[in-house]
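Per full-length UniProt numbering: the sequence shown ends with 212, consecutive numbering throughout. Glycine included, C-beta positions come from ideal geometry on N, C-alpha and C.
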Amino acid sequence: MIKFHSYPLGPLQTNCYIAEADTGECLIFDPGEEAGKLIDEIEKLQLRPVAIYLTHAHFDHIGAVEAIRSRYGIPVHLHPNEQEWLTDPLLNGSGRYADLPDIRTAAPDSLIEEDGERTEGPFTFRTLHVPGHSPGSVAFYFEREGTLVGGDALFRMSIGRTDLRGGDHGTLLNSIREKLFTLPDDTTVLPGHMGPTTIGDEKQMNPFLSGM
């Protein structure tokens with residue numbers, strides 16, 4: 001079974017998740033900031049990173065990408081709709097704020113071109129393109145563990161904002177209804193911010209989504 005570790009990082013407390021396999025290998029989702037803290041945790045747990053997967057390329061999800069990629073020599077995976085965002089602060093949003101440094105990383109090593117099952121080392125999971133918060137948002141579903149790494153699409157009693165570049169409210173609602181709400185109700189959702197929830201709870205109680 002896969003064990004998930006959560007680390008809220010940076011000024012926006014963006015959740016980075018480390019998925020740990022029994023073999024000691026791990027996947028890193030959304031290393032948004034505080035690379036030194038992440039590296040310390042990886043070393044403390046004696047893990048061997050296999051890859052970085054990004055739910056999307058907003059600045060608060062990618063700030064530590066280059067440091068982690070360089071440290072461990074691992075590939076970065078991202079949806080093609082946002083492949084240029086890693087190198088462009090205006091696209092990833094960091095260039096919009098005078099009090100933030102411009103965030104730039106190298107291009108992704110691999111593109112998540114379509115939905116479907118992927119195998120990465122000992123990990124098997126399904127990718128789900130869920131645009132709306134951003135055009136290249138992707139969620140990662142671990143069926144055996146009943147866990148979804150969901151990025152900023154769906155939160156506990158809320159949804160992702162849609163007023164940023166490429167966002168669209170109707171598209172996001174469709175993504176949640178057609179992709180996420182088809183998962184089992186007991187699926188744990190690990191969101192990009194704040195604490196976890198479940199698909200069933202959001203179907204019943206999310207004010208944006210109840211009755212969908």
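Query                                                                                                                        : Result
Do you know how far the Cα of K3 is from the Cα of C26?                                                                      : 9 Å
Just the Cα atoms here: how many angstroms apart are G10 and F59?                                                            : 10 Å
Tell me the rounded alpha-carbon separation between M157 and T23.                                                            : 36 Å
Consult DSSP for K203 and reduce its assignment to one of helix, strand or coil.                                             : helix
What are the boundary residues of the alpha helix (DSSP H) that Y72 is part of?                                              : 65–72
Would you check if there are 3 or more beta carbon pairs closer than 8 Å linking the stretch 171–179 to the stretch 126–136? : yes
Going by DSSP in three states, I2 sits in which element: helix, strand or coil?                                              : coil
Would you kindly work out how many angstroms separate the C-alpha atoms of T187 and E82, rounded to a whole number?          : 27 Å
If you follow the alpha helix (DSSP H) that G93 is part of, which residue opens it and which one closes it?                  : It is not in any alpha helix (DSSP H) - G93 carries neither H nor E in the DSSP assignment.
Is the beta carbon of I159 sitting closer than 8 Å to the one on V138?                                                       : no
Check whether the Cβ atoms of V149 and F140 lie closer than 8 Å to each other.                                               : yes
Could you have a look at L133 and say whether DSSP puts it in helix, strand or coil?                                         : Correcting the residue identity first, residue 133 is His in this sequence and not Leu. Correct three-state label for H133: coil.
T197 by DSSP, collapsed to three states: which one?                                                                          : strand
Restricting to Cα atoms, I'd like to know which of D109, E41, R104, I103 is closest to I52.                                  : D109
So, are the CB atoms of E66 and T105 less than 8 Å apart?                                                                    : yes
For the candidate residues T162, L128, L164, whose alpha-carbon lies nearest to that of E178?                                : L128
Pick from E114, E143, G136: whose alpha carbon is nearest that of F125?                                                      : E143
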